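Protein chains in written order, with this note's numbering: chain D, 9 to 796; chain R, 9 to 796.
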């Protein structure tokens, strides 16, 4: 079942305006730093200036004596929390080196916190930082995967033979034999630079120990309040019930790095409890550059084997992944490992990961999460193969796509939970054709030819991807009918701009058969719903969504059961209209939702519930999907290169997108466009530099380019909808697809623009100097090969 | 089914030591005034010095200008909360005059708050009270039911014809005809004085508006946090979700008055939100005397008709009930109305209530709640009838008791929810005989005869009762398996010393089949469980108890379902031992509860739950009993009167008690003994005086007698156990039975002691002056009738 239109029920599928926007657009949003916590102290962290060093001594006495300073703690002062932070995704072969909140002996990257100062204000705390004397014994560092994997590399973590965190191979078919036998084989090495999340709101933690409830309340700009609570409970060796984690509803962006747990998040609540006073720390932008996790750095050695007709026979990809100084989890490289084949039917696959430790800030997911790199490896080689055969790259793709009747499609690899990698649904050919049609592919090729004839460097790039999303383990939704006849829907998930207050109210409205204005959605507070996972991996619509649908249907049943008893009729004969439940055939017989709430709560006399009345109109459903759903997309782009400056002008960009059934098309479009901007950054702008000692060279936006609204080009969106059979909403994920193929598509287009010169683009981002380097100035005198 | 031994499972029925006691006995308990709320302001209330007055003007300017005063508000300043507080139990015929938090126009009793001062400390606030100038136009007041019901009585509330709040009659059979035809008829008028709850911790409220969650957090020494939340939501016109009410676990006694809602509870949170700063008010003892609700005052005109064989043919009781200045609910007089017939099979009943408003603090439930008065009316008349026939009063009772095979027994009256008044189970004859046996009734009669022969005033009294308890509408229990493998059980109910942390852990241990030390019970926080009723009417073991049993059984099922999947076996083959679930036949195969919690929460890889694993190990059950269960008891007492001082010496006191199945015999005994002390107070000590203008004359323990441990006599307890068929625990209520028959039993004994003189005891409490009055000194010269 594929449609090209979103499924529209009453509210599901409607482009409802975002409830969040009024407060956001009027400056009335509450971010972590806006929280009113009377008497709150503020913290600042002493951070390592070295990428690798032994801590010889730390003298905090002068800082501690400074007026306004409440306390200074090093790792040695806080042995209670000197535990490793468990990585999120692990593997039996992982050499796990988790970080501790404040290391006492060694620092492994520049920016690693070694002490915390708490003072009456951030100003005082920052001044006191300068008084903390740390003596370091500086050690040699490695600041690239290449350096880390070199034979005589310094060891990031002692006690090991090398810097490898994990080395795993997955195969499907017989890739070695197939490659040997392939009529055509091409190889290339691609490097993808680091890139960050760069949320507008940086990380931040505030905490208050509430002696009245003996509860530690932690406000955290996290994507996963329950994960933070679980991790704190583990680190503090406390029952999780003693910790309440709240993600403010207006967290200003997440993008992955806020789905991780950082040392600061363990230190701040601990000292707040020690001091029995609220303590807050908000990361500044410089800290964000050095201490917030990044992603992307990978080096791919990829080889493709294919026949004369353009059928891919084998793919082999060996890639290095930069894990950073510690292991926050293997989610990113494991995703890269399995994302390689993408939309293509490839009988023989070799995909091999070598993850290594380096002396840089640890890496973890950033929107796209390991997929953009895999798509670069695959889609760049598809273009190379087409070029090799003199075939249109679109035609090459058509010959290799998994077909619409092949789902569920087993790729032949293994998913990272150990199950067979299986695509649930999709329609890649339709997606390609719809994208090309909107892109006006043939017309673009004509324009390209005309431009070339004028000596202009115009190129066209295509890139396709699949995205495993809607992951488990589960997500929950809890409904309650309130005294005023409104329904409160509580999600464990914490949004960072996705519009949960709107879209889950839409789902709830359809589930309840009620008007949306009677429904309120609240999120991100572990005290409101006990279990949850969080917002990452484009997972919530496909997990919290079905939970919200099912819990709402249960709640409707309960509501009508009470109304049935109150109206002395059968539930089947009732209709909810506005804030009343009425007998469908006789609307003069009705009862208000407010009265239903009262009847089921305090009862009529406050003594017994009337016969048939249920106590406690609350429902909770946790939905655990069997496995990941697969969204997909195909991007098409035309670029023109300025040969003198190396500037890339995006002439036309079309995104074809399939995230299954859509809850709110406007919000999905917003996600895709936001993701696209992120992809543009990875493709052309973002690149944090580290020198060979591991010293970061770009720690402000003066040294680090992000695309702004001026740089992000216009884009056209087209959608198809292949519902996932894995959940009753048929939903997949929409949060990352916009990002994933952009570097590959733009690189393909740039290389296509430079094809007349045979210039190769193998390093991302594609910055003007790289293009200028790739072009020999001799070729620019009007006698270049495309004139020939 | 009746047993004389408690049912013993593993933990249910065991006398487990109270978990609460260590902190209570070591002074480590946290009461409301101990809560740490940094920067908290304190409030004090301006209270009316008049029992009835029109407020002419209030000038708060001088108080407001005082340094340290944050604000002063009158009723006129807070029109938003100028709503009537809804009475708890109502009736269609009730002329409802609910109170408003701060009245703006009239005051109706001495102590009624008219303004609130908030200052940096209670000292400042109290000083500022003196600067609030209130001009009153004093009006005539009524301070007794007699005065209120007099023909030309001043009206407590204008706009009515009289001071009657409700006048209702219930009958069974044909009482008028039966009474006319009865061979013997006796009449008497009994008066019962007011009496209070006198909890060691007075009332108190603290509130903090939490701008971070937009939630108003209210700490309240209440028996019913959910009722407080519901009432605040109604008064503030807010969704209940915006208000979190927490009853600290160590509320120092409730006894009924803290199950009500008071104006102060509406004012404090409101001004805390206005000021955006915590505000606290703790009632002082003088305020407790004038502003906390009391109970008891009733005047009973009772007539009994019986035949020569001692069979009761008819009872007719018309009683006046003092509602106080406003109607907090009709629970007390409605209970009196239906409690009259007690343990006796009476074919013809006339029970008639005239509740009236007076200019005294409103009344509501105090431990016993309307039953002690009904038992006085009934049991005193039983003794009079026996005396009239020259029959042993025990023998008279035996002839009239409802028999063990007559349950469920329909009394012929109506319960206050409109259903037929039905006793679920009991064994009154066994209860009587067991009590008499322990009391050694015949021996006591011999001793009495011997004492009389010596000229000593010794008397024996018996009194029996039934107590409707275990009332709905419902109560809830929520379980959660925590990360550390322990189970958290959350109750809506808030204890005030009943030992919930212990007894519900016992129930949970049996329900889960787990060790009690792995179970923690938390109570009294509306944020932890959304619906609940509270602790009153001896209801929780029979409502929260079954909810805890059933939710625990569900949780055990879920736990074992997860363990089954983890151990690849069937749940039926598993045993929980300590903190592990093991295969019964092969204990080497086991999994820890901690691992089960982890598997069901974050999963093995943090990606998908393993097959068969349930997400979210939480269960919630609300148990709604069909109707009230009936506990019962029989008390026997021997007293000796000092004729010179009028002092009563309790020679022997035996309590026979049946509250169905017992969860923790030691705790039940504690409840019964505590209740007994309360009954002793009502029988012999407690009496608040008001002058004819409604001015209270006893506002400290210098003027008001409470029995201390020196005054409460030793008592012996015997139990029988007739399980209630209305809930799976077979539980009834145990919190009030100790109190109910004590005034009647002691009055019967005292009158028996004075019987040789024909002296009559018709007024409670029986204080020494009343006894001295009742005895003519001429009778004390050794020539009295018992020598004759």
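All C-beta atoms in this analysis are idealised placements derived from N, C-alpha and C, irrespective of residue type, glycine included.
Treat the numbers as computed from the prediction; the structure is a model and nothing was measured.
Beta bridge counterpart(s) of residue i as assigned by DSSP
{"i": "residue 627 of chain D", "result": "D:487"}
{"i": "residue 302 of chain R", "result": "R:371"}
{"i": "residue 206 of chain D", "result": "DSSP lists no partner for residue 206 of chain D."}
{"i": "residue 195 of chain R", "result": "R:311"}
{"i": "residue 468 of chain R", "result": "R:646"}
{"i": "residue 358 of chain D", "result": "D:179, D:324"}
{"i": "residue 65 of chain D", "result": "D:143"}
{"i": "residue 212 of chain R", "result": "R:290"}
C-alpha gap between residue i and residue j, whole angstroms
{"i": "residue 352 of chain D", "j": "residue 299 of chain D", "result": "38 Å"}
{"i": "residue 182 of chain D", "j": "residue 357 of chain D", "result": "7 Å"}
{"i": "residue 637 of chain D", "j": "residue 431 of chain D", "result": "7 Å"}
{"i": "residue 491 of chain R", "j": "residue 239 of chain D", "result": "10 Å"}
{"i": "residue 251 of chain D", "j": "residue 415 of chain R", "result": "50 Å"}
{"i": "residue 316 of chain D", "j": "residue 355 of chain D", "result": "16 Å"}
{"i": "residue 412 of chain D", "j": "residue 406 of chain D", "result": "12 Å"}
{"i": "residue 26 of chain R", "j": "residue 507 of chain R", "result": "6 Å"}
{"i": "residue 645 of chain R", "j": "residue 402 of chain R", "result": "12 Å"}
{"i": "residue 670 of chain R", "j": "residue 679 of chain R", "result": "12 Å"}
{"i": "residue 575 of chain R", "j": "residue 261 of chain R", "result": "48 Å"}
Coarse secondary structure for residue i, derived from DSSP in three states
{"i": "residue 83 of chain R", "result": "helix"}
{"i": "residue 77 of chain D", "result": "strand"}
{"i": "residue 409 of chain R", "result": "strand"}
{"i": "residue 449 of chain R", "result": "helix"}
{"i": "residue 724 of chain D", "result": "strand"}
{"i": "residue 433 of chain D", "result": "coil"}
{"i": "residue 58 of chain D", "result": "coil"}
{"i": "residue 703 of chain D", "result": "coil"}
{"i": "residue 153 of chain D", "result": "helix"}
{"i": "residue 396 of chain R", "result": "helix"}
{"i": "residue 423 of chain D", "result": "coil"}
Inter-residue CB distance, residue i and residue j (contact presumed, cutoff 8 Å)
{"i": "residue 279 of chain D", "j": "residue 140 of chain D", "result": "The pair is not a contact, with the Cβ atoms about 15 Å apart (cut-off 8 Å)."}
{"i": "residue 56 of chain D", "j": "residue 122 of chain D", "result": "6 Å"}
{"i": "residue 769 of chain R", "j": "residue 759 of chain R", "result": "5 Å"}
{"i": "residue 424 of chain D", "j": "residue 301 of chain D", "result": "That belief does not hold up - the Cβ atoms of residue 424 of chain D and residue 301 of chain D are roughly 19 Å apart, past 8 Å."}
{"i": "residue 308 of chain R", "j": "residue 384 of chain R", "result": "7 Å"}
Below 8 Å, how does it come out for the region 529–542 of chain R and the region 699–718 of chain R: are there three or more Cβ pairs, yes or no? no
Would you check if the region 366–374 of chain D and the region 329–336 of chain D touch, i.e. whether three or more CB-CB distances between them fall below 8 Å? yes
Can you confirm whether the region 738–749 of chain R touches the region 654–670 of chain R when touching is taken to mean that 3 or more C-beta pairs between the two stretches lie within less than 8 Å? yes
Determine contact between the region 287–298 of chain R and the region 200–211 of chain R, defined as no fewer than three beta-carbon pairs at a distance below 8 Å. yes
Please determine if the region 469–479 of chain D and the region 624–638 of chain D are in contact, where contact requires at least 3 C-beta pairs separated by less than 8 Å. yes
Using 8 Å as the threshold, is the region 618–632 of chain R in touch with the region 555–573 of chain R, meaning 3 or more CB pairs across them? yes
Touch check for the region 54–73 of chain R and the region 260–274 of chain R: three-plus C-beta pairs under 8 Å? no
Using a Cβ distance threshold of 8 Å, determine whether the region 385–399 of chain R contacts the region 213–227 of chain R, with at least three qualifying pairs required. no
Examine the Cβ distances between the region 135–154 of chain R and the region 722–729 of chain R and report whether three or more of them are shorter than 8 Å. no
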